[in-house]
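Data block below; observations after.
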Amino acid sequence: MRIEYVELAGFRGFRDKVRVDFGSGFTVITGRNGVGKSTIVDAIDYALTGSINKFKVQTAKGGGLAEHIWWVGEGASGRRHVSLGVVDLDGKQHSLTRFDDGSVIETEPFETILINAAKGQQIGLRNLATTMILRDELISEYSLDLSEQARFSAVLDAIAPETGPDLAKKVADVSALAAGRLQDAKTRLERLQSRLTENLEHVAQARNMAAQSPSAESALSTLRSFVPDLPADIASRRKRVGEFLAQLRLDLSVVADSRPRILSFAESVRALETEGVSQSVASLVEQITPIEASIAELDGQLKEANKHLEAAEAENAQLTHLAMLVEHGEAYGLDRGHCPLCAATRSAEEFAKAIAASKEKLSEAGNKVAAASKAASELNEKRRNLQQQLQLLQRQHSALTARIEAVQTERTALTRMLTERGCQVDPTDIPAIDRWLLDSQERQIRIQEALVALDSTDITDRIVTIEKTSEELRSQIDSLSGAIVAREIEANLAKKVEELTKEFPNQILAEQFDAVMPLLKEFYRRLRPHTDWDEIEYDFGGRIKGSLNFYVADHKNPQFLFSSGQRRATGLAFLLAVHLSRHWANLATLILDDPVQHIDDYRALNLVEVLATIRRTGHQIIVSVEDPALARLLARRLRVSQDQHGAYYELGTDKHGSTCVLEEFTVPPLPSTMLQQAS
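Just so we're aligned, residue -7 is where the sequence shown starts under the numbering used here, counting upward by one.
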């Protein structure tokens, strides 16, 4: 089965629809760097797997792979899609199309037709694509730079080994179950031993209490004297005494913790008495009262003074107009024996006297306003002085009153707290509070002693019960210790079986790898990564985790001897060997995406000859290279079949920046005869 075509529309750098028909024998794709050769390979990968697997990082800042699969520029026409067509040996065509909305159309499941399920268990299209498409990134990744275990895993994923049913998980579950049963038994044993230790300690304590306890009657009398409403039955009595003790401890704790606060309050009370704060408040009240009365009296006087001032100012305003007329009349003089203001007949002497009388009247009005204003100002100044004295006295009064109120508030709070705790004393009586604390502590001790005495009355029965329980615990411990020995044997056997189960598949894999490694050695000889070391050897290591090791000459590690290009040439030989070892693949196509990027021209020519050899086995080869001369050489050397043609594509970009096909032609198969016999 071979790949027939791939069709791209709006995929990555292909804006418009482009169809690439692959030759049944081989296809060579060339073009400058970045023109889109790898995009054709990406399209095949995407059609098979739904992703582009050369990218190890799928998400990143600025958009991940999902945002860059399809054409991101302008002008994409039609529905964006990738379509892949394959043809089987009978000429039957199959197709698979993936659209940008995630929908898929396929003639029949590709995984069924491309993979031989009878030979490769648990193989998917991703395995097929990984081993069929040899990219430059893959060649670099699978070079000698891989660790031994990673190299082993890579080959394991590629060749899909047949190891039979995977029992490792089931055996691991059995081993974990055995280990869990053992741990559960050990945990139970620890708990039983802990309980036995506690019981033995309880027996010792009970015997000690029995030796020291007073009589029960005396203890009961003590409890009745301290605990009110003491019940008769033991359970209720114990509960009542416990509640009483808890409340007593709480009361003691609260009062004891409040003692610094009580001391501070008592000191504040003494300070008020020493400083005579109450007398000072009374004295201030006596000083404030007459000042407030004086201010009220001044307010009345000031109101009358303001009225006189307003009246004088109003009168003065009217006389101001008269003054202007007088000045005008004086300046104008008599008008033919008549007053210019009132037109009355006046002599010069009469007119002068009238003007002088008017001026005198105006002067008296101005003096009246000044006197009223001065009187009002003097009253205001006197009121301000009294107000300042009043404010000073009021501030002093407020400060002293606040101190008294704070002390009274604290007295109320402390009295309520002490009353609630059963301490009926004045908060300033420190000795009485201390006596209450001592009495309460003594009461607590005597109640606890009485409880101990009552508990010791049934101590003999308790000792017998505890010792019986201890014997039962010893019996359980002995039985469980024997079970632990058996479970340890069981867990060790399960662990050994688990190790053997992991080791046995690796032995089978090593045998299957022996069928792959000769191909690697042959490709290594043909590619010749190193001029002196023309042979490569291998071995397998690891009993549980397999490892694949390469070496040259006398067990020298080529990973640290070869250059970067030599390591990649070896990696290419490794990948070619893996590709040809896929017994489960129905698709006989090898795709190489720019495989000569990191190797020199000499090894590139060796690669051409190797590909020609692979082509002779009937494989379809699709290869992309940047160098047009190398592309022409490949087109000539891969013509090895008489019934299968080749194809040649040169890619470029159009005026919109989209990838397009600049040149394409069919490479005919080799002619069956070169010369014809003359007739």
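Note that the Cβ used here is the ideal one computed from N, Cα and C, for glycine as well. These numbers were taken from a predicted model, which means no experiment stands behind them.
Checklist line | DSSP state of Gln612 mapped onto helix, strand, coil | finding: By one-based count along the sequence shown, residue 612 stands at place 620. Assigned with DSSP and collapsed to three states, Gln612 falls in strand.
Notebook entry, point to check: When the Cα atoms are used, what is the spatial distance from Ile481 to Ala211?
Noted result: Here residue 481 corresponds to residue number 489 of the sequence shown, with the count starting at 1. Here residue 211 corresponds to residue number 219 of the sequence shown, with the count starting at 1. Computed Cα separation, rounded: 59 angstroms.
Next item on the list: Tell me Ser87's beta-bridge partners as DSSP assigns them.
Entry: Within the sequence shown, the letter at position 95 stands for residue 87. In the DSSP output, where bridge partners are listed per residue, Ser87 has Gly77.
Item checked: Extent of the continuous beta strand (DSSP E) run through Gly638 -> Counting from one through the sequence shown, the residue named residue 638 turns up at place 646. For Gly638, the uninterrupted beta strand (DSSP E) segment begins and ends at Gly638 to Thr645.
Next item on the list: Could you tell me which residues DSSP puts in a beta bridge with Glu601?
Entry: Residue numbering aside, residue 601 sits at position 609 when the sequence shown is read from its first letter. In the DSSP output, where bridge partners are listed per residue, Glu601 has none listed.
Notebook entry, point to check: So Ile476 and Ala177 are in contact, right, with Cβ under 8 angstroms, and what is the actual spacing, rounded?
Noted result: Within the sequence shown, residue 476 is the residue found at index 484, counting from 1. Within the sequence shown, residue 177 is the residue found at index 185, counting from 1. The distance from the Cβ of Ile476 to that of Ala177 is about 5 angstroms, consistent with a contact at the 8 angstroms cut-off.
Notebook entry, point to check: Would the region 591 to 610 and the region 36 to 46 be scored as touching if the rule is three or more Cβ pairs under 8 angstroms?
Noted result: The answer is no - the region 36 to 46 does not touch the region 591 to 610, with fewer than three Cβ pairs under 8 angstroms.
Next item on the list: With DSSP collapsed to three states, give me the class of Arg(-6).
Entry: Start at 1 with the first residue of the sequence shown, and residue -6 comes out as number 2. Reduced to three states, the DSSP call for Arg(-6) is strand.
Next item on the list: For the alpha helix (DSSP H) holding Thr31, just list the boundary residues, first then last.
Entry: Counted from its first residue, the sequence shown places residue 31 at position 39. Annotation for Thr31: the continuous alpha helix (DSSP H) segment containing it runs Lys29 to Thr41.
Next item on the list: Quick one: residues in its chain with C-beta nearer than 8 angstroms to the C-beta of Leu654, no 5 flanking neighbours on either side, listed in chain order?
Entry: Residue mapping note: residue 654 aligns to position 662 of the sequence shown, counting from 1. Here the set comprises Gly23, Glu642, Leu643 and Gly644.
Check: Nearest CA to the CA of Leu564: which residue from Lys46, Ile125, Thr99 and Asp243?
Finding: Here residue 564 corresponds to residue number 572 of the sequence shown, with the count starting at 1. Between Leu564 and the set Lys46, Ile125, Thr99 and Asp243, the nearest pair of CA atoms involves Ile125.
Checklist line | Option nearest Leu579 by Cα separation, candidates Ile613, Phe554, Ile283 and Leu597 | finding: On the sequence shown, residue 579 is found 587 positions in, with the first residue counted as 1. Comparing Cα positions, the closest option is Ile613.
Next item on the list: Answer with buried or exposed for Phe672, where buried requires no fewer than 16 other C-beta atoms within 10 angstroms of its C-beta.
Entry: Absent from the structure is residue 672, since the part of the chain shown begins at -7 and ends at 671.
Next item on the list: Name the two residues that bound the continuous beta strand (DSSP E) containing Thr337.
Entry: Sequence index remark: in the sequence shown, residue 337 carries index 345 (1-based). Neither: Thr337 is in no beta strand (DSSP E) and is coded neither H nor E.
Note to self: Contact between the region -3 to 17 and the region 606 to 626 is defined here as three or more beta-carbon pairs at a separation below 8 angstroms; is this criterion met?
What the structure shows: Flag = yes, the region -3 to 17 and the region 606 to 626 touch.
Notebook entry, point to check: Between Pro587 and Asp128, which are expected to be in contact by the criterion C-beta below 8 angstroms, what is the C-beta distance as a whole number of angstroms?
Noted result: Along the sequence shown, one-based indexing puts residue 587 at 595. Along the sequence shown, one-based indexing puts residue 128 at 136. Correct: roughly 7 angstroms between the Cβ atoms.
Check: For Leu106, does the count of other Cβ atoms within 10 angstroms reach 16, so buried, or fall short, so exposed?
Finding: Counted from its first residue, the sequence shown places residue 106 at position 114. Classification for Leu106: buried.
Item checked: Ala364 beta carbon less than 8 angstroms from that of Ala297 -> The count along the sequence shown starts at 1 and reaches residue 297 at position 305. The count along the sequence shown starts at 1 and reaches residue 364 at position 372. Contact: yes.
Note to self: Quick check on Phe566: does DSSP put it in helix, strand or coil?
What the structure shows: Against the sequence shown, residue 566 aligns to sequence position 574. The answer is helix: DSSP assigns Phe566 an H, G or I state.
Notebook entry, point to check: Count the other CB atoms within 10 Å of the CB of Thr562; is the residue buried (16 or more) or exposed (fewer)?
Noted result: The count along the sequence shown starts at 1 and reaches residue 562 at position 570. With 16 or more neighbouring CB atoms inside 10 Å of its own CB, Thr562 falls in the buried class.
Notebook entry, point to check: If you check the beta carbons only, do Pro419 and Arg403 fall under 8 angstroms apart?
Noted result: Start at 1 with the first residue of the sequence shown, and residue 419 comes out as number 427. Start at 1 with the first residue of the sequence shown, and residue 403 comes out as number 411. Yes, these two residues count as a Cβ contact at 8 angstroms.
Item checked: Among Asp546, Glu459 and Gln468, nearest to Ala196 - alpha-carbon criterion -> Position 204 of the sequence shown, counting from 1, holds the residue named residue 196. Nearest option by C-alpha distance: Glu459.
Check: Got a sec? Which residues, its chain only, sit under 6 angstroms from Arg173 by beta carbon, not counting five neighbours each side?
Finding: In the sequence shown, the residue the question calls residue 173 occupies position 181. Cβ within range, chain order: Arg479.
Next item on the list: Output the boundary residues of the beta strand (DSSP E) element that contains Asn541.
Entry: As a working mapping, residue 541 is identified with position 549 in the sequence shown. For Asn541, the enclosing beta strand (DSSP E) stretches over residues Ser539 to Tyr543.
Note to self: Closer than 8 angstroms is the cut-off here; do at least three beta carbon pairs connect the region 507 to 523 with the region 545 to 564?
What the structure shows: Counting Cβ pairs under 8 angstroms, three or more are found: they touch.
Next item on the list: Could you say which of Leu117, Asp92 and Val96 lies nearest to Thr104 if we only look at CA atoms?
Entry: Taking the sequence shown and counting its residues from 1, the one referred to as residue 104 is at position 112. When C-alpha distances from Thr104 are compared across Leu117, Asp92 and Val96, the shortest belongs to Leu117.
Notebook entry, point to check: Which residue's Cα is closest to the Cα of Leu192: Gln279, Phe515 and Thr457?
Noted result: On the sequence shown, residue 192 is found 200 positions in, with the first residue counted as 1. Per the Cα distances, Thr457.
Checklist line | Beta carbon of Leu584 nearer than 8 angstroms to that of Phe515 | finding: The residue you call residue 584 lines up with position 592 of the sequence shown. The residue you call residue 515 lines up with position 523 of the sequence shown. Cβ atoms of Leu584 and Phe515: not closer than 8 angstroms.
Next item on the list: Look at Thr401 and Val273 and say whether their C-beta atoms are less than 8 angstroms apart.
Entry: For the purposes of this step, residue 401 is identified with residue 409 of the sequence shown, where counting begins at 1. For the purposes of this step, residue 273 is identified with residue 281 of the sequence shown, where counting begins at 1. For the 8 angstroms CB-CB criterion, Thr401 and Val273 do not form a contact.
Checklist line | Nearest-angstrom Cα separation, counted from Glu140 out to Gly112 | finding: By 1-based counting over the sequence shown, the position of residue 112 is 120. By 1-based counting over the sequence shown, the position of residue 140 is 148. Its pLDDT being 43, under 50, Gly112 is placed unreliably by the model, and the measurement read from it follows with that caveat. Spanning the two alpha carbons is a distance of roughly 24 angstroms.
Margin query: Distance check for Glu490 and Leu625, CA to CA, integer angstroms please.
Written below: Position 633 of the sequence shown holds residue 625. Position 498 of the sequence shown holds residue 490. Each residue's Cα considered, the two are about 55 angstroms apart.
Checklist line | Residue-level contact to chain B via CB, Phe218, 8 angstroms cutoff | finding: In the structure shown, chain B cannot be found, because there is only a single protein chain.
Checklist line | Contact set for Leu662: own chain, Cβ-Cβ below 6 angstroms, skip 5 residues either direction | finding: Start at 1 with the first residue of the sequence shown, and residue 662 comes out as number 670. Excluding sequence positions up to five before and after Leu662, its CB lies within less than 6 angstroms of the CB of Arg631 and Gln634, all in the same chain and listed in chain order.
Notebook entry, point to check: Going by Cα to Cα distance, which pick from Gly649, Pro660, Glu656 and Phe657 is closest to Gly26?
Noted result: Position 34 of the sequence shown holds residue 26. Of the candidates Gly649, Pro660, Glu656 and Phe657, the one whose C-alpha sits nearest the C-alpha of Gly26 is Gly649.
Check: Using CA coordinates, which residue listed in Cys415, Glu278, Glu289 and Cys652 is at the minimum distance from Gln386?
Finding: Stepping through the sequence shown from its first residue, residue 386 is reached at position 394. Out of Cys415, Glu278, Glu289 and Cys652, Glu278 has the C-alpha closest to the C-alpha of Gln386.
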